[in-house]
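Asks:
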Amino acid sequence: MIVVQDLVKRYGSFTAVDGVSLEVAPGQIHGFLGPNGAGKTTTIRMIAGLLKPTVGRIVVNGCDLAADPEGAKRALGFIPDRPFIYEKLTAREFLRFHGGLYELDGAPLEERASEMLELFELQRWQDELVESFSHGMKQRLVMCAAFLHRPQAVLVDEPMVGLDPRGARLIKEVFRRMADRGVAILMSTHTLEVAQEMCDRISIILKGRIIARGTVDELRALAGADDEHLTPVFLKLTGGSGLQEIDEIV
Amino acid sequence: MRSSSAAPPFPFLLLPSLLSARNRARRRERGDLMRGVAFGAIALLVAAVIFAASFWVTWQLGGYAEFGDYLLRLGLSWLFLTFLSFLAFSGVVTALSTFYLSDDLRLLMAAPVSRRRLFHARFARTCVHASWMVIVFTVPVLAGIGVARCAPAGFYAAAAATVVPFVVIPVAAGTALTLLLVNVFPARRARDILMLMGLLFAASLVLLLRLVQPEQLLRVESLPEVTDFFAALQSPVTPLLPSFWAGEALFAAVKGSGDMVHLAALWSTAAVLTLGVAMAYDRWYFDGFSKAQEARKARFTRLTWLDGALRLLPMTAVRRHLLVKDTKVFLRDVSQWSQLLLLVALMVVYLYNFRVLDLDRIPYMSGVLKNMYALLNLAMAGLVMATVAARFVFPAVSSEGAAFWIIRTSPLSLRDFLWSKFWTGLVPVLLLTLMLTITANELLGVDPFLEVVSAVAIVFMTVALVGLATGLGARYPRFTADNPSQVAGSYGGIAFMVAAVLFVVMIIGLVGWPSTVWLWYQSRGIDPPARTIVLLAVCFTLAAGISLVTWLLAMRSGVRALEDNR
Chain L
0 MIVVQDLVKR YGSFTAVDGV SLEVAPGQIH GFLGPNGAGK TTTIRMIAGL LKPTVGRIVV
60 NGCDLAADPE GAKRALGFIP DRPFIYEKLT AREFLRFHGG LYELDGAPLE ERASEMLELF
120 ELQRWQDELV ESFSHGMKQR LVMCAAFLHR PQAVLVDEPM VGLDPRGARL IKEVFRRMAD
180 RGVAILMSTH TLEVAQEMCD RISIILKGRI IARGTVDELR ALAGADDEHL TPVFLKLTGG
240 SGLQEIDEIV
Chain D
0 MRSSSAAPPF PFLLLPSLLS ARNRARRRER GDLMRGVAFG AIALLVAAVI FAASFWVTWQ
60 LGGYAEFGDY LLRLGLSWLF LTFLSFLAFS GVVTALSTFY LSDDLRLLMA APVSRRRLFH
120 ARFARTCVHA SWMVIVFTVP VLAGIGVARC APAGFYAAAA ATVVPFVVIP VAAGTALTLL
180 LVNVFPARRA RDILMLMGLL FAASLVLLLR LVQPEQLLRV ESLPEVTDFF AALQSPVTPL
240 LPSFWAGEAL FAAVKGSGDM VHLAALWSTA AVLTLGVAMA YDRWYFDGFS KAQEARKARF
300 TRLTWLDGAL RLLPMTAVRR HLLVKDTKVF LRDVSQWSQL LLLVALMVVY LYNFRVLDLD
360 RIPYMSGVLK NMYALLNLAM AGLVMATVAA RFVFPAVSSE GAAFWIIRTS PLSLRDFLWS
420 KFWTGLVPVL LLTLMLTITA NELLGVDPFL EVVSAVAIVF MTVALVGLAT GLGARYPRFT
480 ADNPSQVAGS YGGIAFMVAA VLFVVMIIGL VGWPSTVWLW YQSRGIDPPA RTIVLLAVCF
540 TLAAGISLVT WLLAMRSGVR ALEDNR
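Taken in sequence, the protein lines are chains L and D. FYI, the numbering for the first sequence is 0 to 249, going by numbering that gives the first Met the number 0. FYI, the numbering for the second sequence is 0 to 565, going by numbering that gives the first Met the number 0.
1. Do D/A245 and D/T125 have their beta-carbon atoms positioned less than 8 Å apart in this structure?
2. Rounded to the nearest angstrom, what separates D/Y280 and D/T93 at their Cα positions?
3. Note down the Cα distance separating D/Q521 from D/P447, rounded to an integer number of angstroms.
4. Taking any Cβ of chain D, which residues in the segment 95–120 of chain L have a Cβ under 7 Å from it, in chain order?
5. So for D/L104, helix, strand or coil by DSSP?
6. Could you tell me whether the Cβ atoms of L/V19 and L/L6 are closer together than 8 Å?
7. Which full runs of the alpha helix (DSSP H) of 4+ residues lie inside the segment 132–185 of chain L, going along the chain?
8. Spatial neighbours of D/R116 within its chain, please: CB distance less than 6 Å, with the 5 preceding and 5 following residues excluded, ordered by chain position.
9. Determine, using beta-carbon pairs with one atom in the segment 24–35 of chain L and one in the segment 46–57 of chain L, whether at least three such pairs fall under 8 Å.
10. Checking the sheet assignment: what are the DSSP bridge partners for L/V23?
11. Alpha carbon to alpha carbon, what distance is there between L/D156 and L/T188?
12. Rounding to the nearest angstrom, what Cα-Cα distance links D/V452 and D/I506 in this structure?
13. Among D/V504, D/L467, D/L509 and D/V503, which residue has its Cα nearest to the Cα of D/G491?
14. Can you grab the Cα-Cα spacing for the pair L/G61 / D/P394, in whole Å?
15. For L/A66, name the three-state secondary structure that DSSP assigns.
16. Would the segment 190–200 of chain L count as touching the segment 164–180 of chain L if we require 3 or more Cβ pairs under 8 Å?
17. Could you tell me which residues DSSP puts in a beta bridge with L/K8?
18. Measuring straight from C-alpha to C-alpha, what distance separates D/L569 and D/V548?
19. Taking 8 Å as the CB-CB cut-off, is L/L6 touching chain D?
20. If you drop the 5 nearest sequence neighbours on each side, which residues of the same chain put their C-beta closer than 8 Å to that of D/Y63?
21. Look at L/R95 and L/L75 and say whether their C-beta atoms are less than 8 Å apart.
22. What did DSSP end up calling L/R212 once you bin it into helix, strand or coil?
23. From L/A66 to L/R73, what does the alpha carbon distance come to, in whole angstroms?
24. Check the C-beta distance from D/A456 over to D/W550 and give it rounded, since I have them as a contact under 8 Å.
25. Alpha carbon to alpha carbon, how far is D/A87 from D/V170? Give it in angstroms, no decimals.
26. Here's a check: name, in chain order, each residue in its chain whose Cβ is nearer than 8 Å to the Cβ of D/L449, leaving out the five neighbours to either side.
27. So what's D/H261 in DSSP terms, helix, strand or just coil?
28. Can you tell me where the alpha helix (DSSP H) with D/I144 in it begins and where it stops?
29. Taking just the CA atoms, how far does D/A37 sit from D/L265?
30. Give me whichever residues DSSP pairs with L/F31 in a beta bridge.
31. Could you tell me whether the Cβ of D/Q59 comes closer than 8 Å to any Cβ of chain L?
32. Indicate whether L/P158 and L/V182 have their beta-carbon atoms separated by less than 8 Å.
33. Bridge partners of L/I78, per DSSP?
34. Is D/A389 closer than 8 Å to D/M314 when the C-beta atoms are compared?
35. Tell me where the beta strand (DSSP E) around L/I57 begins and ends.
36. Please classify L/T89: does DSSP put it in a helix, a strand, or coil?
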């Protein structure tokens, strides 16, 4: 569903993404992990069509993003880490506009918007201006918008930031159900418990390169870690905990 | 449900702006009504003055038969030439924002919106944003001409048919230039381009006014010279410019005939340019947009000299660090810089006017006129200062924005914080206004007494107005504002401007009247009576007292407001 081949992004002499390739099959939740500045967001923004790759090819639902950007974007739902929402629109007005961008209109759009608002527990605030929403509510509204047009593939950059435990639980459930219905989800996250709990496969990126890929068990084996949690595996693969330095400084 | 409709036409993409405006109007916030009434009244007043001036000039020209027609024709052409340069500059700046820097682009670019639709929506938005000011100004001007000449209804239709393509042409050219610049220059410096444009515009403005030599208008000794002056405004390239076509089309319409040739030239040029920009957009837009997403490199990253220089100032370490932070933030914010550049350009023109003002040609009046101008200059400096304070000092507290928690949670008292903001604002504003007042008075050659009075008065006025701006800025902060202009246009900003104008008028009255009385006695070589001297002293003292009270009360009120909102 999402195919990325040899993706490179250079900013002058700095290479932010260096030959990344990955594939997310329908129904799969693919975790994209890495330390800060590793190239996760840059990769996701290239797949979303916001950044032009220096080299490489991106195919979404069979549509080459460079040759048929509209076709690829039509199949994609994008949940950015810092989403933009028109603050002076109400939640429903925003969804109506967003649906219009994906060529939805009339009664089907209204029905679908109501479904989404209900699913993400925002129906009570549907006629309130977005500017009065909390961070978590805005995050849920962005998810409403991303799922509004029933995308075949979803890109998520840090989905759990600002969500309360109930909201986080809800999102996990929605993602799982979406995947069960054949939606391919590529999810970048720092919350390793979320990745461990939800992802079918995980890619770990470091300094712009994919350094490891596989299921949680495969990664555990690769790192030679026998801990059941993903955190020690992640730290081992990405270069130590830094705890010794902390001790020295503190 | 895959797709319930075809892609809606491009105006759909403008919907959020319209809905936001509607929602804003429906859900008024505190002070919105007052702001609306104040802005509405000012706008109506300005429009009425422009209409009256346009009507009067056209009416007067009507008395000179063919020569009047000639001047009207030239005037229209010249007016549109001014608009043309403004629109081209405004087009570049606005296109940079609407095509590359707008936050909603991230949403739109991730959606399956065709490039052509996005271009049309963004271009329409650029045209509206870049030209609304020109259009608002043009309407009363053309209405004044139309009414004065009893123009037929066709004139107003022709005006609409002329202004629309006239606006599109420079905005399309500006958009094309932006497209080129963003692709040629490293995109992380996209905002620097804006600064560059600001500089160019300011320089061209000064140059333009210098070349026009407005002082020649004062030489009304003979008619041929006036004719020469206006003829000099024409150049061989003028007929090739859209401003000339617009002027000709409107002149023909006001005479009751039609000039389809120039109208056709306007429309066809607008169409060709729009098409050309659309094609260039298709080809190069995404490259530029992608580059514009890169993090911007900070300007003046080191500025070690600044840290070193400020270390020499006699102030506490906390205040110094606040000053260093404020100065660096200011230097790195191009939107602040570019506005300051325009202000400097306007000041240069203002001072230049004083230099070329040849009042000695009116021998008996020159002394009186010079002193009148000195007082007028003081009032102007006061109003310039009020504007500068509203734009740069009033937003000082609000500019802390979401980072204000750092100040609140630090061991720095809010009193120290606000006074630091005051001193940071006072020094540059005082230098600016002192320079403006002293230079203008020197260029005019006013009486030394008035020079001293003006210089002292401007110091007191600056202290009071900067204090008022700082205090009211703390009293009515807008930490959520996107930029300082929004803060300046807020309820508190308007309240400050109203208070500042009243203050300037009051001080000019209190300083101007005694100065004039004193100079009257001086010019006749008589010593003023003791009672008059006491009265004059009372006026000067009152002016100083009001300034000091305004300053201290405003600052105290600001500190208290910050502490109450803790």
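In this text, a Cβ means the ideal position worked out from N, Cα and C, and glycines have one as well. Since the model is a prediction, treat every value here as computed from it, not as a measurement.
Replies: For this structure:
1. Indexing the second sequence from 1 puts residue 125 of chain D at position 126. Indexing the second sequence from 1 puts residue 245 of chain D at position 246. No.
2. Taking the first residue of the second sequence as position 1, residue 280 of chain D is located at position 281. Taking the first residue of the second sequence as position 1, residue 93 of chain D is located at position 94. Straight-line measurement puts the Cα of D/T93 at about 16 Å from the Cα of D/Y280.
3. Here residue 521 of chain D corresponds to residue number 522 of the second sequence, with the count starting at 1. Here residue 447 of chain D corresponds to residue number 448 of the second sequence, with the count starting at 1. Going by the C-alpha atoms only, they are around 12 Å apart.
4. Those would be F96, G99, L100, Y101, E102, L103, D104, G105, P107, L108 and R111, in chain order.
5. In the second sequence, the residue the question calls residue 104 of chain D occupies position 105. Helix at D/L104.
6. In the first sequence, the residue the question calls residue 19 of chain L occupies position 20. In the first sequence, the residue the question calls residue 6 of chain L occupies position 7. L/V19 is a Cβ neighbour of L/L6, given a cutoff of 8 Å.
7. The segment 132–185 of chain L contains these whole alpha helix (DSSP H) runs: 134–147 and 164–179.
8. Position 117 of the second sequence, counted from the start, is the residue given in the question as residue 116 of chain D. So the qualifying residues of the chain are F9.
9. Touching, no, given that fewer than three Cβ pairs across the two stretches are closer than 8 Å.
10. Within the first sequence, numbered from 1, the residue matching residue 23 of chain L stands at position 24. L/I1.
11. Taking the first sequence and counting its residues from 1, one reaches residue 188 of chain L at position 189. Taking the first sequence and counting its residues from 1, one reaches residue 156 of chain L at position 157. Looking at the two C-alpha atoms, the distance is approximately 7 Å.
12. Your numbering for residue 452 of chain D matches position 453 in the second sequence. Your numbering for residue 506 of chain D matches position 507 in the second sequence. D/V452 and D/I506 have their alpha carbons spaced roughly 12 Å apart.
13. On the second sequence, position 492 is the one that residue 491 of chain D refers to. Among D/V504, D/L467, D/L509 and D/V503, the Cα nearest to that of D/G491 belongs to D/L467.
14. The residue labelled residue 61 of chain L in the question sits at position 62 within the first sequence. The residue labelled residue 394 of chain D in the question sits at position 395 within the second sequence. Cα to Cα, L/G61 sits roughly 52 Å from D/P394.
15. For this step, residue 66 of chain L is matched to residue 67 along the first sequence. Correct three-state label for L/A66: coil.
16. Yes, the segment 190–200 of chain L is in contact with the segment 164–180 of chain L.
17. The residue labelled residue 8 of chain L in the question sits at position 9 within the first sequence. In the DSSP assignment, the residues bridged to L/K8 are L/V16.
18. Any answer about residue 569 of chain D is impossible in this case: the structure gives chain D only from 0 up to 565.
19. As a working note, residue 6 of chain L is residue 7 in the first sequence. Contacts with chain D at 8 Å (Cβ-Cβ) do not include L/L6.
20. What you label residue 63 of chain D is simply residue 64 of the second sequence in a count that begins at 1. Within the same chain, D/Y63 has close Cβ partners L70.
21. As a working note, residue 95 of chain L is residue 96 in the first sequence. As a working note, residue 75 of chain L is residue 76 in the first sequence. Between L/R95 and L/L75, the C-beta spacing is not below 8 Å.
22. By 1-based counting over the first sequence, the position of residue 212 of chain L is 213. Annotated three-state conformation of L/R212 is strand, per DSSP.
23. As a working note, residue 66 of chain L is residue 67 in the first sequence. As a working note, residue 73 of chain L is residue 74 in the first sequence. Whole-angstrom Cα-Cα distance: 14 Å.
24. Locating residue 456 of chain D in the second sequence gives position 457, where the first residue counts as 1. Locating residue 550 of chain D in the second sequence gives position 551, where the first residue counts as 1. In this structure D/A456 is not in contact with D/W550, their Cβ atoms being roughly 14 Å apart against a cut-off of 8 Å.
25. By one-based count along the second sequence, residue 170 of chain D stands at place 171. By one-based count along the second sequence, residue 87 of chain D stands at place 88. Distance between the alpha carbons of D/V170 and D/A87 is about 6 Å.
26. Mapped onto the second sequence, residue 449 of chain D falls at position 450. Counting only Cβ-Cβ distances below 8 Å, and skipping sequence neighbours, we find N370, A373, L374, N440, S514 and L518.
27. The residue given as residue 261 of chain D occupies position 262 in the second sequence. The answer is helix: DSSP assigns D/H261 an H, G or I state.
28. On the second sequence, residue 144 of chain D is found 145 positions in, with the first residue counted as 1. Unbroken alpha helix (DSSP H) run through D/I144: R114 to A147.
29. Walking along the second sequence from the start, residue 265 of chain D turns up at place 266. Walking along the second sequence from the start, residue 37 of chain D turns up at place 38. Answer to the nearest angstrom: the Cα atoms are 37 Å apart.
30. On the first sequence, position 32 is the one that residue 31 of chain L refers to. Answer by DSSP bridge pairing, in chain order: L/S187 and L/S202.
31. The residue given as residue 59 of chain D occupies position 60 in the second sequence. By this cut-off, D/Q59 is not an interface position.
32. Taking the first sequence and counting its residues from 1, one reaches residue 158 of chain L at position 159. Taking the first sequence and counting its residues from 1, one reaches residue 182 of chain L at position 183. Going by C-beta atoms, L/P158 is not nearer than 8 Å to L/V182.
33. Residue numbering aside, residue 78 of chain L sits at position 79 when the first sequence is read from its first letter. Paired residues: L/V155.
34. What you label residue 314 of chain D is simply residue 315 of the second sequence in a count that begins at 1. What you label residue 389 of chain D is simply residue 390 of the second sequence in a count that begins at 1. Contact flag unset, no.
35. Residue 57 of chain L sits at position 58 when you count from the first residue of the first sequence. Note, L/I57: beta strand (DSSP E), V54 to V59.
36. Position 90 of the first sequence, counting from 1, holds the residue named residue 89 of chain L. In the structure shown, L/T89 falls within a strand segment according to DSSP collapsed to helix, strand and coil.
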